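There are 2 protein chains.
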Amino acid sequence: MTTRTTDSHVTQPEPYRWQGVDLLAYKEADGTFRSVTRQVLTDAEHGQGVSLRYFEVGPGGHTTLEKHEHTHVVIPIRGRGSALVVDRVVELELNDVVFVPSWGWHQFRAADDEPLGFLCSVTVERDRPVRPTADELEELRRDPALAAFLRV
Amino acid sequence: MTTRTTDSHVTQPEPYRWQGVDLLAYKEADGTFRSVTRQVLTDAEHGQGVSLRYFEVGPGGHTTLEKHEHTHVVIPIRGRGSALVVDRVVELELNDVVFVPSWGWHQFRAADDEPLGFLCSVTVERDRPVRPTADELEELRRDPALAAFLRV
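Order-wise, the sequence lines are chains A and B.
Numbering-wise (my numbering), the first sequence opens with residue -14 and increments by one.
Numbering-wise (my numbering), the second sequence opens with residue -14 and increments by one.
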């Protein structure tokens, strides 16, 4: 149901809303995330085997804690927030490059008073994310920084 | 000779200079470009078959007018400028998405008083750019907007 465009120049009639690109729910609501939207900026038809998406997490919101075989390259371009990447929590500055390797745990959180918007590149062909088991979650939470950060 | 990093979080000790990423010349000087630097942010080792580069064109500068089979996805993240994409000149706003299809002519120019910095995604395996022949250049210049824009 995504409208995408291969126009040579995709403008923003308002900031961070690209012309001809649908504003989508991040995924079906399952209680594991909060206040997240998605816009698919490029996909298979752009000829690189990757899809570039823009995610925006509202103030106080977060993405799902998950891992998968495919990698992520993430670049924050709006607001402020932090992320769990593999086994540590990092504060994000605009235009930082975040690399989530295969099977690395990850979760993104916006600041309480600002959104967090980021570009996220993935391969077009990719596996489904998996969420932590109770045992895995317990193990992650042994690190106090992660225990304080994680939202599930 | 590029130093790259697969650190999970690549910060910027100063804006638009990524930690552990070399600042490179755009290409060997051949008189076809002016005032351009390059940083390779991701490459084959990031597992997506693409490389994400950051190019910065200094005030008044420009990239080479060229075309090739591989595509470009370009997102300006600093400053101001304009571009020839295929057959028209577009003014660039931050976070616009520019798509250069296979064999589309393209050239990027910074404003006279501001740099133009942009992310540019390409496949890791790609063909070499070609520059216009005298005949092709003459044809491009039949359009007055292109004639005024192009720098060769």
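Glycine residues also receive a C-beta, built at the ideal position from the N, C-alpha and C atoms.
For clarity, every value in this text was computed on a predicted model and none was experimentally measured.
Examine chain A for any beta-carbon lying closer than 8 Å to the beta-carbon of glutamine -3/B, and answer yes or no.
Output row for glutamine -3/B: interface = yes.
Taking Cβ positions, are histidine 57/B and cysteine 105/B nearer each other than 8 Å?
Cβ atoms of histidine 57/B and cysteine 105/B: closer than 8 Å.
Contact under 8 Å by Cβ, threonine -4/B with glutamate 78/A
The answer is yes: Cβ separation under 8 Å.
Does the count of Cβ pairs from the region 8 to 20 of chain A and the region 75 to 95 of chain B closer than 8 Å reach three?
With a cut-off of 8 Å, the region 75 to 95 of chain B and the region 8 to 20 of chain A do not count as touching, because too few Cβ pairs lie within range.
Using 8 Å as the limit for Cβ to Cβ distance, is glycine 66/B near chain A?
Look at glycine 66/B: its C-beta is not under 8 Å from any C-beta on chain A.
If you draw a straight line from the C-alpha of alanine 132/B to the C-alpha of threonine 118/B, how long is it?
The alpha-carbon atoms of alanine 132/B and threonine 118/B are separated by roughly 15 Å.
Which of helix, strand or coil does DSSP assign to alanine 29/A?
Secondary structure of alanine 29/A (DSSP, three-state): helix.
In whole angstroms, give me the CA-to-CA distance for arginine 174/A and histidine 53/A.
Any answer about residue 174/A is impossible in this case: the structure gives chain A only from -14 up to 137.
For the putative contact between arginine 19/B and glutamate 41/B, defined by C-beta atoms under 8 Å, what is the C-beta separation to the nearest angstrom?
The Cβ separation is near 12 Å, so there is no contact.
Please compile the residues from chain B whose C-beta is within a distance smaller than 8 Å of the C-beta of aspartate 128/A.
What aspartate 128/A touches in chain B: nothing, since even the nearest Cβ is about 15 Å away.
Chain B residues whose Cβ lies nearer than 8 Å to that of tyrosine 1/A
For tyrosine 1/A, the residues of chain B that pass the 8 Å Cβ criterion are Asn80, in the order they occur in the chain.
Phenylalanine 84/B at chain A interface by Cβ criterion, 8 Å
So yes, phenylalanine 84/B belongs to the interface.
If you compare alpha carbons, which of Gly46/A, Glu124/A, Val75/A is closest to serine -7/B?
Comparing Cα-Cα distances from serine -7/B to each of Gly46/A, Glu124/A, Val75/A, the minimum goes to Val75/A.
Go through its chain and collect everything with a Cβ distance to arginine 136/B's Cβ below 6 Å, but skip five positions before and after it.
His47, listed in sequence order.
Out of Leu101/A, Arg38/A, Trp90/A, state which residue places its alpha-carbon closest to the alpha-carbon of glycine 66/A.
Checking every option, the nearest Cα to that of glycine 66/A belongs to Leu101/A.
Could you list the residues in the region 29 to 51 of chain B with a C-beta less than 9 Å from some C-beta on chain A, going in chain order?
With the criterion set as a beta carbon lying under 9 Å from some beta carbon of chain A, the members of the region 29 to 51 of chain B are His31, Gly32, Gln33, Gly34, Val35, Leu37, Tyr39, in sequence order.
Inspect the beta-carbon positions of threonine 17/B and threonine -9/B and report whether they are closer than 8 Å.
Not in contact: threonine 17/B and threonine -9/B (Cβ atoms no closer than 8 Å).
Using a Cβ cut-off of 7 Å, pull out every chain B residue sitting near threonine 56/A, in sequence order please.
The contact set of threonine 56/A on chain B, defined by CB atoms closer than 7 Å, consists of His31, Gly32, Gln33 in chain order.
Sequence-distant residues of the same chain with beta carbon closer than 6 Å to arginine 126/A, five excluded per side:
Its chain contains Ala132 as the residues whose beta carbon lies nearer than 6 Å to that of arginine 126/A, once the 5 sequence neighbours on both sides are disregarded; these appear in chain order.
Can you grab the Cα-Cα spacing for the pair glutamate 124/B / alanine 68/B, in whole Å?
When the Cα atoms are used, glutamate 124/B and alanine 68/B turn out to be separated by approximately 18 Å.
What residue ranges within the region 76 to 130 of chain A form continuous beta strand (DSSP E) runs of no fewer than 3 residues, ordered along the chain?
The region 76 to 130 of chain A is shown to contain whole beta strand (DSSP E) runs of 3 or more residues at 82 to 85, 91 to 95, 101 to 108, in chain order.
Neighbour flag for leucine 26/A against chain B, beta carbons, 8 Å
Against chain B, the CB of leucine 26/A has a partner CB under 8 Å away; the residue lies at that interface.
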